[in-house]
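For reference, the structure is listed below as structure tokens.
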Amino acid sequence: MEDFNDVESDNEFNPAPAEDSGDEKQTQSRARQSSSRARSRDVDVDADDDDGEDDAKVALSPGKVSGAGGDAEGDDDVNGEADDDANGEVEGENGEDDEGEGEDLGAGDDDDEDDEDEDEEEDEADAVGRPRKRQKRGRRNQFLDVEAEVDDEEDEEEEDEDIPDEVHPDDLLDRHAANEHDDRAHRELDRDRELVSQVEVEKLAAAMKEKYGRNRAAQSDAAVIPQRLLLPTVEDPTIWAVHCKPGKEKEVVMSIMKRIMDRGKTREPLQITTCFERGEATGFFYVEARRQADVMEAVDGIQNAWPRKAGGEVGTMLISISEMPDLLKTRKTKILEVGTYVRIRKPQLYHMDLGQVDYVESNGVDITVKVVPRLDYGANEDLNAALDANGKRKRGFAAQNKGPRPPPKLFNSDEAKKRDPRNLNQVRMVDKKHWTYKGKDYINGFLYMDMKVNQVYTDSVEPRLEEVTMFAAGQEDGTENLDLHALSQSLKASTSSSDYLPGDRVEIYQGEQSGLAGRAVKVHGDIVTIKVSSEGPLKGKEVEAPKKGLRKAFNEGDHVKVIGGKYMDEVGMVTRVKDDRITLVTDANTESITVFSKDLREAADSGGTTGTMKWDLYDLIMLDAATAAIITQLDRESCRILDQNGNSRTILNSHISGRIDPRHGAIAQDANGNEMRTGDLVNESGGEGRTGKLLHIHRQTLFILDRGQTANGGIWVTRTQNVMSVAAKGASAINTGRDLSKMNPAMQINGGAPQPMMPPPRIFGRDKMIGKTVSVRKGVYKGLLGIVKDTTETEARVELHTKNKLITVNRDLLIVKDPATGATLDINGRFGGGRGRGSTPSGGQTRYGGATPGARVPDWGGARTPMGASGSRTPAWGMSGSRTPAAAAGGRTPAPAWGRSGGDGGKTPAWGQGDGSRTVNPYTDGSRTSYGGSGGAANVSVPLFFSAESLYLTTPPRTKAWGSSSRTPFHPSAGVGSRTPAYQPNQSAYNAPTPGAGPYSAPTPGGAPTPAGAHTPGAHGAYSAPTPYDAPTPGYGGAPTPAAGGMGMDQPTPGARYGGAYGTPAAAPTPGAYPETPGGFADDDGPRWE
Amino acid sequence: MSTRSLRACLLCSVVQAESVFKQQGCPNCESILSLQGNIENIRDCTSTVFEGLIALNDPNGSWVAKWQRLDSYSPGMYAMKVVGVLPDEILKTVEEEGITYVPRDGTGGEEVA
């Protein structure tokens, strides 16, 4: 009883509530208790009162008889009092009086005790967990509290004292002495008994709980169990995911709820336990049930639920036990704080606009958000719009079509007054400009909207500086006041949890381990293992903690480095630590900065690093797609820029979206139509007449640096039309190049308009260069070996052996090499041939013939250019030269050729001479010989010589071939007379053809014949015509030509040449035996040309 | 049931139309919150911002109910997460009743993580 004294205080004297007293068991137990008590009192009475023993007994009996329940005891007391009266009961008169009182008394006492008993029982139940009732009853009985609070025993004493006072002063003493003592003993005994009966009471309590349990609010015992102990087991029902129409999850769940309700009353209630959705439009909802059939039953026929998808695809999936908790995982809604930046979701007008939380209602749901209004003050309002009966819908609809939304701008009351005064009202406020416009509040230019938290986005707000400054600029005194605290509030969420490295000193600041500090030992995912160093039972032990509740710990004096945020890379010493905000003095400039501890790391290195800036001063940068700006001042975390509109402002480095690389050779037109380019000096044509150096040209905008100025770092911005170029330095030379072709006399020779160059001959099919091993002749890659991977007309992609790199090289710069021996090959033969098939040679030759009359030798020897210019056959040449590597080699590989020619060449002339007719030589040896012949033009000859030679002698074997070829002619010349052309000046015409064939082996162009022909210019011209005719011959294939053609006599020569050209040493012998040559030639040729 | 007027009880997360709260009160916490007929209390103790709907059919046999601590409640519609906080007075009452108040705003889920 004492145990419950304080608890039950208010319950005493509670007239037993119906619910409790009505309980059968209770009544029984009470009855039993009281009877037992009565009995014990009997004994007492017997012992104490010797006199009245009998009477007492007599008196007792009716009590016992009538004493259903509590009366028995009352009688007991009465008994005690009645002792004095002796026989009072029988007599009636006195006794009645006394008894009556006594009974009253007894009833009071009795009630008291009875109540206590009841209370005990109730309290038993209450203590187990029925707090609500107590509360309720407490309320009801509040006026009785005072008395109820009195302690039992004292109470009784008092009562005993009081009541007799009222009754009979005489009675008091005796009764008092007798009773007081006895009662104690009795009660003690009673208590013992009650203890025994408590078990029963507990049962009772359980029953009560069973009966009323559902009405409990949050079950305290359930709430105490941590959720991790509630993880699902195999005994739990399973969860199925069911397809539904995305976005209709809620409706589906509601329909199923309805079905549950409907079927609940029928004989076949739904067997599923729950059905839920996660509040996301994932196209799934979930049903928890024991059997899948139950799921189907619950889900079947529900609109938008697709338990079976079309085509027999299963729309129901079992969720594994391990995934079940994840299904129900919810993320805590960020608690909004005043000052936090958010993005507006609704209304549509402000969608994605930045807002600042101005006020948060205590329920955490209703907030007031401050935004920069987007108002057009009725500019776009359709006055003619028909007003609907309810007005709303229509307006909403109209609003959607209302054109572009106005730009965000602070509320301007003047404008509103001017344009739309009807909707404007001023709210008188002492210190604020407060207006209502169209029912919305505008304070200090900002719009204040009352919203719900779900109307804003709180995640990844990432306020941009422009937006933030809008809010900052709202200060009345005009000072920009960036609320960095608010900014950090918003940014905190966006920055991911920091990284911890083993060795970092950390402390736990959240959760039950809060306060532990130590060093990180291991980091695994989100769990950091910490070796505890702080005092306590855990000291020295390793504890695992989630990153969430961790922060890095630093002490004052620590040398730290900033590893994140805007002060990144700053190094300094910690001077103050407050929670996770740490103030440090930087080493670099002893500036005091405050950063979050997560952005810090203990610094191993000392000394501030300046940090590498991505941008340089005067860099042209891009702010957004349309805005360019130039950096006029650079700071650590911000820079001052001057944009193309001439606005200067400070932005964070992170807001620079990129650098605009200066376009090389960008040109702009100045006011006079003259061009200017970067680096030019310009003068402003009007205005202040500023001057400066043109730094950047960006579209029509010029960024000009005038070092004499101080504003904006000397930079000024203007449009191209506003300046005049002072000195067009280096402008004309490059681009205003005169048309050289017009000034070229050689081109004029041909009279009038220079004919357009022949289109480059097309080579069809696969370029023969592809796959060849080549070496680069010039440039960065000079001397490197590679394989041609791809070609265009002018360039080749070469894969270098050395670097595994593909380079693009002009074809002219390549020498074909033998992959095995490394010897230089004359691929030209093939190319030349290929080209020879084309019309070029013929055309070229014709022209050549034409040109020859002029100044043949000089023209010819006058190097390539004129020839190219004249478009004569040289082009055939030149072109082949430019295009065919072989030819190019011919044209430009003097070195190797030379070297060889040194030997061979030296020989050749000797040879030619030795062999008599020099005429032959020219023919055979191509140009070279001719030079030898024409001798006089030694200087001129050199290039030609090269070309000829190179053509012939690109490869060492060729030298032999050459020799052979040179020899070959001899034979024929002697015997067959195929050489004849060479011999006979007349036939020099035929020589021409030979070259025709030649071009295809390149030597032809050697033009050697031509010089030979030089002697007979006239004839030459005439005969040159056939040459083209000849050109095709090779096209047929080498074999037929020699056979058929009268010119066949040439063939051997080329044959030999081919042999040489291909570097077939086999061919070398050929010369020895003439007959073989053709054979070899034929052999060689066949495959080659096919 | 239109979604608009639905409110979720901040204490037990039951989801009902506002009118139902007014007529019948909260099926689970009526004794504490006494929402019946008391618009003000309804506004204070229920929230229109909630996520995830759970149709509870068998509170005792369901793991979901156990996990969401709904197992002692009556069948009906519940929210997975309710945004908002109970007013302090109510919280005090709840605590006096000896009930551990578990906010329904998703924090419970984080304890596990």
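Note that the protein sequences, when read in sequence, are chains Z and W. Position one of the first sequence corresponds to residue 1 (my numbering), numbered consecutively onward. Position one of the second sequence corresponds to residue 1 (my numbering), numbered consecutively onward. In this text, a Cβ means the ideal position worked out from N, Cα and C, and glycines have one as well.
T238(Z) - DSSP class collapsed to helix/strand/coil: strand
Chain Z contact for G84(W) (CB, 8 angstroms cutoff): yes
For G673(Z) and G878(Z), the rounded distance between their alpha carbons: Bear in mind that the predicted position of G878(Z) carries a pLDDT of just 38, short of 50, making it unreliable; the figure below should be weighed with that in mind. When rounded, the distance between both Cα atoms is 40 angstroms.
Residue range of the unbroken alpha helix (DSSP H) whose run includes W67(W): W63 to W67
Inter-residue Cα distance where the pair is S74(W) and P27(W): 7 angstroms
Length of the line joining the Cα atoms of I42(W) and V253(Z): 24 angstroms
Selection from N555(Z), I770(Z) and M568(Z) that minimises the alpha carbon distance to D580(Z): N555(Z)
Candidates N804(Z), Q348(Z), R464(Z) and D190(Z): closest to S654(Z) by CA position: R464(Z)
M261(Z) versus G37(W), V85(W) and A55(W), residue with shortest Cα-Cα distance: A55(W)
Bounding residues of the beta strand (DSSP E) (the contiguous stretch that carries C275(Z)): T274 to F276
L56(W) (DSSP reduced to helix, strand or coil): strand
Outcome for K203(Z) when other beta-carbon atoms lying within 10 angstroms are tallied against a minimum of 16: exposed
Sequence-distant residues of the same chain with beta carbon closer than 8 angstroms to M573(Z), five excluded per side: G557, D558, H559, V560, L584, V585 and D587
Closer than 9 angstroms at the beta carbon, the chain W residues around K279(Z): For clarity, residue 279(Z) is Gly in the given sequence; the question names Lys instead. Ordered by position in chain W, the residues that pass the 9 angstroms Cβ test against G279(Z) are F50, E51, G52, L53, A79, M80 and K81.
For K417(Z), the first and last residue of its enclosing beta strand (DSSP E): From DSSP, K417(Z) is part of no beta strand (DSSP E) but of the alpha helix (DSSP H) over S413 to R419.
Beta-bridge partners of D425(Z), as assigned by DSSP: One detail in the question is off: residue 425(Z) reads as Asn in this sequence, not Asp. According to DSSP, which records beta bridges pairwise, N425(Z) is partnered with T436(Z).
Buried or exposed by the 16-neighbour rule on C-beta atoms within 10 Å, applied to R837(Z): Its pLDDT being 38, under 50, R837(Z) is placed unreliably in this model, and the value from its coordinates should be taken loosely. It is buried - the Cβ of R837(Z) has at least 16 other Cβ atoms within 10 Å.
Own chain partners of G25(W) with C-beta closer than 6 angstroms, once the 5 adjacent residues on each side are dropped: L35 and Q36
Beta-carbon neighbours of E337(Z), restricted to chain W and to distances below 9 angstroms: Within chain W, no residue comes near E337(Z); the closest Cβ sits about 14 angstroms away, beyond 9 angstroms.
Chain W contact residues for T266(Z), given Cβ-Cβ distances below 7 angstroms: Correct list: empty, because the minimum Cβ distance to chain W is about 13 angstroms.
Per-residue DSSP class, three states only, for C639(Z): strand
Span of the alpha helix (DSSP H), counted from its first residue to its last, around L91(W): D88 to E96
Nonlocal neighbours in the same chain, by C-beta distance under 8 angstroms from P59(W), ignoring five residues either side: A65, L70, D71, S72, Y73, S74 and P75
Proximal residues to S413(Z) (C-beta, below 6 angstroms), its chain only, five neighbours per side dropped: W435
Same chain, Cβ closer than 8 angstroms to L501(Z), neighbours up to 5 away in sequence not counted: A520, V523 and R601
Three-pair Cβ contact test at 8 angstroms for the region 640 to 649 of chain Z versus the region 657 to 664 of chain Z: no
Status (buried if at least 16 other CB within 10 Å, exposed otherwise) for L11(W): buried
Contacts around V295(Z), its chain only, beta-carbon distance under 8 angstroms, and the 5 residues preceding and following it disregarded: W240, V242, I272, V287, A289, P307 and T316
Reduced DSSP secondary structure (H/G/I, E/B, other) of E202(Z): helix
Bridge-paired residues (DSSP) for R7(W): Q16(W)
Alpha-carbon to alpha-carbon, N363(Z) and N444(Z): 27 angstroms
Supposed contact pair K346(Z) and D358(Z) - C-beta distance, whole angstroms, cut 8 angstroms: Between K346(Z) and D358(Z) the Cβ distance is about 17 angstroms, and since that is not below 8 angstroms, they are no contact.
Neighbourhood of C29(W) by C-beta, 6 angstroms cutoff - its chain only, sequence neighbours within 5 removed: L11 and C12
Within chain Z, partners of G61(W) - CB distance below 7 angstroms: P237 and T273
Short Cβ contact (8 angstroms threshold) for L327(Z) with V360(Z): no
C-alpha gap between Q16(W) and T282(Z), whole angstroms: 24 angstroms
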